[in-house]
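Novice:
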Amino acid sequence: MEQLWLCCLVLAATAILHPCSTAATKQTYIVQINHEHKQQQHLSHLQSLVSSATHEDLLYSYSTVYNGYAASLDPQHAQSLRDSPSVLGVYEDTLYHLHTTRTPQFLGINDETRFFDSKGDQQPICSDVIIGVLDTGVWPELKSFDDSGMPPVPARWHGECEHHKDFDAKKVCNKKLIGARKFYNGYRMAASKIGEFINEKDPSPRDTEGHGTHTSTTAAGGQVANASLFGYASGTARGMAVHARVASYKVCWKLGCFGSDILAAMEKAIQDGVDVLSMSLGGGSGPYHHDIVAVGAFKAIEKGVFVSCSAGNAGPVKSSLANVAPWIMTVGAGTLDRDFPAYALLGNGKKVTGESSYSGKGLGDRPVELVYHSAKRYNTSANLCLPGSLDPELARGKVVLCDRGINPRVEKGVVVKEAGGIGMILANTAASGEELVADSHLLPAIAVGSKVGDEIREYLKAEAKPTTILSFGGTVLGVKPSPVVAAFSSRGPNTVTPEILKPDVIGPGVNILAGWSGASGPSGLKLDTRKTQYNIMSGTSMSCPHISGLAALLKAAHPKWSPSAIKSALMTTAYIMDNTNSSLGDAAGGQLSTPFAHGAGHVDPHKAISPGLVYDISTSEYIAFVCSLNYTMKQVKAIVNRPDVNCTRKFRDPGQLNYPSFSIVFGKSRVVRYTRKLTNVGSAGDVYDVAVEAPEGVVVDVKPKRLVFKNVGDRLRYTVTFVSKKGMNRMRHDGVFGSITWKNVKNQVRSPVAFSWEQNV
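Those letters in the sequence shown? Residues -23 to -1, 1 to 738, per mature numbering (1 follows the signal peptide of the UniProt record, and there is no 0), in order.
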């Protein structure tokens, strides 16, 4: 009945307001209806006019994560709807983008049974946990989706595998890959406006890009021996939660991922029965009522579904985060202790080290002339090796130095090859710092950091006939220091709600080996005809599914934990020291990282399974948080999606939310005071003492200084007072940091604290 009403409303309203509007003037809007007004205010006087409009105008109707619909409307109609008291909001369809092995061993969970031994009681049933992945679809024939030995699909599962001529649901879906759907109406509408066309009227859930297969196998792929990318990263490939089920929701297409499709997929995933939503995509930051992912995630959390999202790849720029709502797990990226070294021996005898996963024929051991189309010398973009920018007369038969930036890294090698070059050195600039990504290039090529890049540029200036010899060193393990925060990983502070520290954590996101599509070469370029079942990729897209898989493990170990409790466990047990026992570093410039880059730190699943204490957050507390944001009641209702919501209870400021980290923003007052509640998930009689780290210029006082929990499940409060010394607001800095840790002999429950002053926010 509800979907019928929505269809009636969209079609009739289109006919009433603009009977002469044409498809050419229309675009996709997402319309949210006030629960209190829907049928009574609209249905009676619109039903008679339904027949005068086409059914193509309605793209989706929503009822679980949203109360409304997505439709093709002209702008005047959209504005008329905005003026209606029964409409909470009308938003243009937003384009989101993807944020684009060794990790189980690196995280210490290569044996899932031994991992759960630390819980100390009966073995959890991971096969009861279902991870929904919103991405580019799935390549189901991979061995990673083999269901051998898996028990029957949980009876609560209501999803399906959609059949298609290239996706035989009966053959490709099983007890491991239990669902595969596609959502493309928003994409179809947008593509038709710019002359792009979908090959088929009814696209398939199959992944033709590779990204979705990579993320889903990272989260929950089964164990596959002898996996590699043409010999690189060879070993057993497996996801974080090897026994969890996977449900694929294809929402990303050639142009990107449209909000209307994402919202429809989130709604269906929740109805299907997923426990975890993994979304390696984002569209920047903005008010939560405008953010489709934030709105959908609010309802998911309310229904007990953990939501993990990538932080974005816009680092190291400040305040570049996506997906910052506090009910979302926002995941940044760090490195592994694995490298793929490659070398360039310069004509002056100096040997420099970089990275590469090039696997083709090399250049031999004879020196080859090295050239660089310097932007200063040639006054072009040829230094970046953009398409069509290289002079074949200068590049032919030579190794070309290309600056990183603007166009894709592997594409630069193609540009060199098309200009007649036979090799490439890809040199970072200051923007990328020392971060190296091992790409599977189409010609002999290595990537070097900013410092080495500058050395090579100086060598090219000084030498009349510069030369180089490129060589490749395979796979090296045990690299130190690691982890290091990736330069591309997006950074805080959080511009939407500065009182909430983001990102939440970092996880492995650089040079990650996982499953791949059989329809795409490892570089993702059209001319790459190579085929591989596993590929190496980097991005917060890769770190996000690691945390999704870990959340599934914690859900299996603690079925009654809320998504907020799982999130707290992952945050408060995260570590901030690398494998040299030094503070985490930042690949952007080589300096130390801060919580604006790594959040609470790098996830530690062994500690997260028994965190001792958790910061739990109820739906009513999240509503009180939303009510504290100075939004209108329409905007509050747009986020909360409840008919009975009110703001009789709201926080004094957003920082009062019972969050596992602190972000202190000093405004007119030099004093900020927050109260937090900790829930005992350890043992009866546990006692914790507080330890405080405070930066110079700030005084931190915690009361009480000891918490005694008589029983498991007890909740105890503590209050923290933060006092800024005079004059701190006049100092120029990018924030200072500290921590609050509750300790006993078994656990350290650590919360990072970021301090900023209003002029810097």
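The C-beta atom is built at its ideal place from N, Cα and C for all residues, glycine as well.
DSSP state of residue 552, grouped into three classes?
Specialist: strand
Novice: My output table needs one value for residue 647: the three-state DSSP class, helix, strand or coil.
Specialist: coil
Novice: Taking C-alpha atoms, which residue in 138, 209, 8 lies nearest to residue 245?
Specialist: Among 138, 209, 8, the Cα nearest to that of residue 245 is on 138.
Novice: Leaving out five residues on either side along the sequence, give the residues of the same chain with a beta carbon under 8 Å from the beta carbon of residue 394.
Specialist: 419, 420
Novice: Measure the C-alpha to C-alpha separation of residue 22 and residue 613 and round it to an integer number of angstroms.
Specialist: Interpretation of residue 22 is limited by its pLDDT of 30, a score under 50 that renders its predicted location unreliable; no figure is taken from the coordinates.
Novice: How close, in whole Å, do the beta carbons of residue 228 and residue 122 come, if the pair is a contact with beta carbons under 8 Å?
Specialist: Not really, about 19 Å apart at Cβ, beyond 8 Å.
Novice: So residue 245 is in the beta strand (DSSP E); what residue range does that whole segment cover?
Specialist: Per DSSP, residue 245 lies in no beta strand (DSSP E) segment; the continuous alpha helix (DSSP H) that holds it begins and ends at 236 to 249.
Novice: Can you tell me whether residue 328 is buried or exposed, with buried defined as 16 or more other CB within 10 angstroms of its CB?
Specialist: exposed
Novice: Look up residue 678 in the DSSP assignment and say whether it is helix, strand or coil.
Specialist: Residue 678 falls in the strand class under three-state DSSP.
Novice: Who are the Cβ neighbours of residue 683 in its own chain at under 6 Å, not counting the five residues just before and after it?
Specialist: By the criterion of a C-beta distance shorter than 6 Å, residue 683 is surrounded in its chain by 666, once the five residues flanking it on both sides are discounted.
Novice: Exposed or buried, residue 202, counting other C-beta atoms within 10 Å across all chains shown (16 or more means buried)?
Specialist: exposed
Novice: My output table needs one value for residue 379: the three-state DSSP class, helix, strand or coil.
Specialist: Strand.
Novice: Within the continuous alpha helix (DSSP H) that includes residue 169, where are the two ends?
Specialist: 162 to 170
Novice: How far does the alpha helix (DSSP H) with residue 603 in it extend, from its first residue to its last?
Specialist: 596 to 604
Novice: Taking CB distances under 7 Å as the criterion, tell me whether residue 318 reaches chain B.
Specialist: Here chain B cannot be found, since the structure has a single protein chain.
Novice: Let me check understanding here. Comparing Cα to Cα, which of 497, 598, 517 lies closest to residue 509?
Specialist: 497
Novice: Give a yes or no on contact between the region 518 to 535 and the region 249 to 269, applying the rule of three or more CB pairs nearer than 8 Å.
Specialist: yes
Novice: What do you reckon, are the CB atoms on residue 380 and residue 404 nearer than 7 Å?
Specialist: yes
Novice: In three-state terms, what does DSSP make of residue 209?
Specialist: strand
Novice: In terms of alpha-carbon separation, which member of 142, 136, 616 lies closest to residue 270?
Specialist: 616
Novice: Any contact between the region 473 to 483 and the region 442 to 449? By contact I mean 3 or more CB pairs, one from each, below 8 Å.
Specialist: no
Novice: Taking residue 454 as the reference, which of 392, 315, 391 has the closest Cα?
Specialist: Of 392, 315, 391, the residue nearest in Cα terms is 315.
Novice: State the DSSP-derived secondary structure class of residue 562, mapped to helix, strand or coil.
Specialist: strand
Novice: In terms of alpha-carbon separation, which member of 165, 220, 231 lies closest to residue 189?
Specialist: 231
Novice: Would residue 663 and residue 686 qualify as a contact pair, given that the criterion is a beta-carbon distance under 7 Å?
Specialist: Closer than 7 Å, so yes.
Novice: How big is the Cα-Cα spacing for residue 535 and residue 266?
Specialist: 32 Å
Novice: Compare the Cα-Cα distances from residue 458 to each of 273, 311, 206 and report the closest residue.
Specialist: 311
Novice: Mind checking whether residue 515 and residue 487 have CB atoms under 7 Å apart?
Specialist: yes
Novice: Residue range of the alpha helix (DSSP H) that residue 4 falls in?
Specialist: Run containing residue 4: none in the alpha helix (DSSP H); it sits in the beta strand (DSSP E), 4 to 10.
Novice: Starting from residue 370, follow the beta strand (DSSP E) in both directions and report where the run begins and ends.
Specialist: Not the beta strand (DSSP E): residue 370 falls in the alpha helix (DSSP H), residues 369 to 372.
Novice: Output the distance between the C-alpha atoms of residue 628 and residue 240, rounded to the nearest integer angstrom.
Specialist: 29 Å
Novice: Using the C-alpha atoms, what's the distance from residue 45 back to residue -2?
Specialist: With a pLDDT of 44 at residue -2, under the threshold of 50, the predicted position of this residue should be treated as unreliable, and no value is reported.
Novice: Are residue 399 and residue 331 touching if we call contact CB-CB under 7 Å?
Specialist: no
Novice: Which stretch, first to last residue, makes up the beta strand (DSSP E) that contains residue 227?
Specialist: 222 to 227
Novice: Are at least three pairs of beta-carbons, each pair with one atom in the region 545 to 559 and one in the region 182 to 201, less than 8 Å apart?
Specialist: no
Novice: Compute the Euclidean distance between the alpha carbons of residue 77 and residue 517, then round it to the nearest angstrom.
Specialist: Residue 77 and residue 517 have their C-alpha atoms spaced approximately 6 Å apart.
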